[in-house]
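Protein chains in written order, with my numbering: chain A, 1 to 502; chain P, 1 to 167. Ideal Cβ placement from N, Cα and C applies to all residues, glycine included. Keep in mind the model is a prediction, meaning the values are calculated, not measured. Heads up, the thing below is written out as structure tokens.
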Amino acid sequence: MLEMLSAGFSEMLTIYTMSLIFIGVAMGLVFGSIPGLTATMAVAICLPITFTMSPSDGMALLMGLYIGGVSGGLIPAILLKLPGTPSSISSTFDGYPMAQKGQAGKAFGLAIVFSFLGGLLSIATLILIAPPLAQFAVRFGPIEYFAITVFALTLISSLSDGSIVKGILAALIGISLAMVGSAPIDAFPRFTFGMNALDAGFNLLPALIGLFAISEFLKTSESKVNPLVKKISYKIKGFGFSVAEFFKQGWNFFRSAFIGIAIGILPGIGGGTANIIAYATAKNQSKHPEEFGKGTPEGVVASESSNNAAVGGALVPLMALGIPGDTVTAMLLGGLVIHGIQPGPLFFTSNTDIVYGIFAALIIANIAMLVFLFLGMRFFVKLLSIPKHILLPIILVLCVVGAFGVNNRLFDVWALLFFGVLGYLLIKLKFPLTPVILGFILGPIAETNLRRGLMQTQGDFLPFFTEPIAVFFFGVAIVSVGLKIWKNHRKKQTEINISGGV
Amino acid sequence: MAEKYGDIYSSIFMMLFALLMYISTFNMQSMAEVSVGPETVPQIVAIGIFIFSVILLLQGIKKVKSYSPPVEPEGTKDETENDYSGKKSLVSVLITLLLVICYVLVMPILGFIISSTLYLIVQFCFLAKRENWNIPLYALIAVVVSVSVYFFFRNLFYLMLPQGILG
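In structure tokens:
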């Protein structure tokens, strides 16, 4: 494995590829630090640029964006109490009070160093568990794959925020949208409404960019944008904290990073949930829980080590099984598919160079993130004052260019707008968006494997419920839905009790 | 309104959608003799959407009955949105959408550079408050962005964006 990793590094350590990683990290940090722009959007806009690159170069850029996008959120979280991305929500809880107390430098130092360490630990985990998992998954047949995709879809629907009914409906909508075009196996055209442009179905890219970037743009256009004018001042010296303070966070760091990795691996939830759970756990386990929320370094460390740790976690199912766990990994899947690579167990045997190139790129990007944030803090802080009414229309133009670039035709731009409006409506009606896109990606995989499996068993459904691995995944899927229903029910009960008591 | 009746509207719409989807699977016939043809999964999904829409409808009706105007929830969600102050309105979303549609419609005629420049200027103005308008700056940004995006993608990534009347 070590020699493959060093081969991966040698592939990444060319000036061109390294500069792609650096550009990726820098752009990711920019997108992460501006509230309203996310890592997902950064990857979406850059996907079309990777068309003409080699697969490893393309992935190098995207990995840089991913790491940078997740990390950039800490800047406005600490300075302005605005989480730049959902991944840094709980960094505001203690980071902002710390900045108010004049400890912004210390908060930044801790946040950056523990982001780096969390990311590093999770990348190490990824390198250790993804290859054996892929090796195990090579034996999976269509029946197992069908079970895993169904499991992933139910888990995503039940774990995403809000009502489970809406989560499942969102996933079903995604699956239906993916049905437009030729059916798998026999290529029978479905739901094309006689439009030739739809024969190949909706392309993933306009769907992704539309649902996540255009919908956000439409949401912002609901009201006039107030130019953000806030005086931002802070001081940072060295790392901002002492060696003793660093080691005091040891256990807190390992616990939070572990939570981040574990949550990252589960499909459907990523850094956005991980940081909140890690923060809550740190508070519960702390000897001084009353200090949380008032500017304790522990809170910042918990939040920032967990959200970066979720990155490596989320890449485990994507690379080993071909199943994306959140929106950014769905984008990365799109990026691989564009280059004709299907992630999954075979990815590790047929494209070993790219796999280890991705690992190497992640490590390099993580180091670049650390350096850029320490050296470039002043620059990133300046970015916070770019007005949104200038930025968002430019991003829309870039989205249009990206969609047009898919096939050099305006049809995909119209598809982009369709998905944008759909995404906006779903946000307004409080449907979660992640299940839609994962349904869109996983639906066809599930259908293909179901039909292949049935061909294998000559139309017999029984093996779907007797194969042990399949049964296991169906079982976990049912348990996850059951748990969520029970949890919602209990929440309602306590609400009734509280209101009844008053 | 959307807060109160949203679930009911969306569930009814999705029930209709599921029905249409189910009906349109009737003329899907597989050429191969298999137990699961191209129509099977769409049918399962349509039935699934229908069942869950019914549940959502029931939940929505229950919600309307016990509805009390929402107390502004405090929390992180609002924190992220507090820089978009001002009145929210559907009209401005529709106008923005209309602007984008016009932009895409005229792009093949005027070409990428001209249409993007015009779109950007109008959109900047629309998103900003009247008193903050700075048209010369907007025009400059719009031209620089459109021209640089066009040549960047054309020369570096060989993406042939529409040339329109400039071509």
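Using a Cβ-Cβ cutoff of less than 7 Å, which residues in the same chain neighbour residue i once the five nearest sequence positions on both sides are dropped?
i: G174 (chain A); result: P435, V436, I437, L438, G439, F440, G443
i: A42 (chain A); result: M27, G28, F31, L65, G69
i: E131 (chain P); result: none
i: A213 (chain A); result: M41, A44, I395, C399
i: I107 (chain A); result: Checking the sequence shown, residue 107 (chain A) turns out to be Ala, not Ile. I78, G95, M98, A99, V300.
i: I113 (chain P); result: S146, V147, Y150, L166
i: V476 (chain A); result: F151
i: A330 (chain A); result: L208, P324, I437, L438, I441
i: L110 (chain P); result: G164, I165
i: Y356 (chain A); result: M4, L5, A7, G8
i: F152 (chain P); result: none
i: K77 (chain P); result: Confidence is the limiting factor: at K77 (chain P) the pLDDT is only 43, short of 50, which leaves the residue's position unreliable, though a coordinate-based value still follows. Same-chain partners within the cutoff: there are none.
i: G86 (chain P); result: Residue confidence for G86 (chain P) is low, a pLDDT of 46 falling below 50, so the modelled location carries little weight; the figure read from the coordinates is stated next. If we look at G86 (chain P) and ignore the five residues flanking it on each side, it has no Cβ neighbours.
i: K62 (chain P); result: none
i: G60 (chain P); result: D7, I8, S11
If residue i sits next to residue j, beta carbons under 8 Å apart, how far is it from one beta carbon to the other, in whole angstroms?
i: A403 (chain A); j: I143 (chain A); result: Not a contact, Cβ separation roughly 36 Å.
i: Q123 (chain P); j: P393 (chain A); result: 4 Å
i: H389 (chain A); j: A128 (chain P); result: 5 Å
i: I277 (chain A); j: N488 (chain A); result: 18 Å between Cβ atoms; not a contact.
i: P38 (chain P); j: F188 (chain A); result: 4 Å
i: A111 (chain A); j: L169 (chain A); result: Going by Cβ atoms, the distance from A111 (chain A) to L169 (chain A) rounds to 38 Å, so no, they are not a contact pair.
i: F116 (chain A); j: G293 (chain A); result: Wrong, their Cβ atoms sit about 25 Å apart, outside the cutoff.
i: L93 (chain P); j: L417 (chain A); result: A small fix is needed here, since residue 93 (chain P) is Val in this sequence, not Leu. Wrong, their Cβ atoms sit about 13 Å apart, outside the cutoff.
i: F202 (chain A); j: L172 (chain A); result: Not confirmed; about 16 Å, so no contact.
i: L362 (chain A); j: I123 (chain A); result: 5 Å
i: V311 (chain A); j: I67 (chain A); result: 6 Å
i: I127 (chain A); j: F359 (chain A); result: 5 Å
i: L410 (chain A); j: V104 (chain P); result: 7 Å
i: G118 (chain A); j: E304 (chain A); result: 7 Å
i: A282 (chain A); j: N307 (chain A); result: 13 Å between Cβ atoms; not a contact.
i: S71 (chain A); j: M455 (chain A); result: About 46 Å separates the two Cβ atoms, so there is no contact after all.
i: Y5 (chain P); j: V64 (chain P); result: 7 Å
i: Y158 (chain P); j: T52 (chain A); result: 7 Å
Looking only at its own chain, which residues have a Cβ that is under 6 Å from the Cβ of residue i, when we skip the five neighbours before and after it?
i: E108 (chain P); result: It is worth fixing the name first, because residue 108 (chain P) is Pro in this sequence and not Glu. Contacts found: P162.
i: E216 (chain A); result: none
i: G272 (chain A); result: P86, S87
i: P345 (chain A); result: A134, A137, V138
i: F473 (chain A); result: A147, I148, F151
i: V406 (chain A); result: N203, L205, D412
i: A142 (chain P); result: T117, L120, I121
i: S19 (chain A); result: none
Opposite residue i in the DSSP bridges: which residues?
i: G72 (chain A); result: DSSP, once it has assigned bridges, lists no residue as partnering G72 (chain A).
i: G181 (chain A); result: A:R190
Cutting at 8 Å between CB atoms, please list the residues of its own chain near residue i, excluding the five before and the five after it.
i: I265 (chain A); result: G313, A314, V316, P317, G325
i: L19 (chain P); result: A46, F50
i: G46 (chain A); result: At residue 46 (chain A) the sequence reads Cys, which differs from the Gly that was named. Correct list, in chain order: G24, M27, L61, L62, L65.
i: L433 (chain A); result: A170, L211, F212, S215, T327, G423, L426, I427
i: I135 (chain P); result: I121, C125
i: K101 (chain A); result: G295
i: T80 (chain P); result: Low per-residue confidence applies at T80 (chain P): pLDDT is 40, beneath 50, and the placement is therefore not dependable, though the value from the model is reported in the following sentence. The answer is none, since no qualifying residue turns up.
i: Q342 (chain A); result: G322, L336
i: R172 (chain P); result: Since the first residue of chain P shown is 1 and the last is 167, residue 172 (chain P) is not available in this structure.
i: A262 (chain A); result: G313
Closer than 7 Å: is that where the CB of residue i sits relative to any heavy atom of the ligand MG?
i: G73 (chain A); result: Among the ligands in the structure shown, none appear at all, so the ligand MG cannot be discussed.
I'd like to know if the segment 444 to 452 of chain A and the segment 139 to 159 of chain A are in contact, where contact means that at least 3 CB-CB pairs between them fall below 8 Å. As far as the Cβ criterion goes, the segment 444 to 452 of chain A touches the segment 139 to 159 of chain A, which means the pair count is three or higher.
Between the segment 374 to 395 of chain A and chain P, which residues of the former have a C-beta closer than 9 Å to a C-beta of the latter? Correct list: P387, K388, H389, I390, L392, P393, I394.
To be precise: take each residue of the segment 109 to 127 of chain A, compare its Cβ to all Cβ atoms of chain P, and keep it if any distance is under 9 Å. Which residues remain? If the cut-off is 9 Å between Cβ atoms, the segment 109 to 127 of chain A has nothing near chain P.
Flag this pair as touching only if the segment 2 to 17 of chain A and the segment 42 to 59 of chain A have three or more C-beta atom pairs under 8 Å; answer yes or no. yes
With three or more C-beta pairs closer than 8 Å as the rule, is the segment 51 to 65 of chain P touching the segment 5 to 22 of chain P? yes
Give the residues from the segment 126 to 137 of chain P that approach chain A closer than 8 Å (Cβ to any Cβ), ordered along the chain. F126, L127, A128, K129, N132
If you measure beta-carbon to beta-carbon, which residues of the segment 168 to 183 of chain A are closer than 7 Å to chain P? I168, L169, L172, I175, S176, M179, A183
What residues from the segment 189 to 209 of chain A come within 8 Å of chain P, judged by C-beta to C-beta, listed N to C? R190, F191
Mind listing which residues of the segment 418 to 431 of chain A have their C-beta closer than 9 Å to chain P's C-betas, in chain order? Considering only beta carbons, the part of the segment 418 to 431 of chain A lying closer than 9 Å to chain P consists of G420, V421, Y424, L425, L426, K428, L429, K430, F431, in chain order.
Taking beta-carbon pairs under 7 Å, can you tell me which members of the segment 138 to 158 of chain P lie near chain A? I141, V145, V149, F153, F157, Y158
For the segment 402 to 413 of chain A, enumerate the residues whose C-beta is nearer than 9 Å to any C-beta of chain P, in chain order. From the segment 402 to 413 of chain A, only F404, G405, N408, L410, V413 have a Cβ closer than 9 Å to chain P.
Along the segment 208 to 224 of chain A, what residues have a CB closer than 9 Å to any CB found in chain P? I214, F217, L218, K219, T220, S221, E222, S223, K224
Short-range partners of chain P found in the segment 40 to 53 of chain A, where Cβ spacing is below 7 Å: Residues passing the 7 Å Cβ filter: I49, F51, T52.
Can you pull out the residues from the segment 41 to 59 of chain P whose beta carbon lies closer than 9 Å to at least one beta carbon of chain A? V41, P42, V45, A46, G48, I49, F52, S53, I55, L56, Q59
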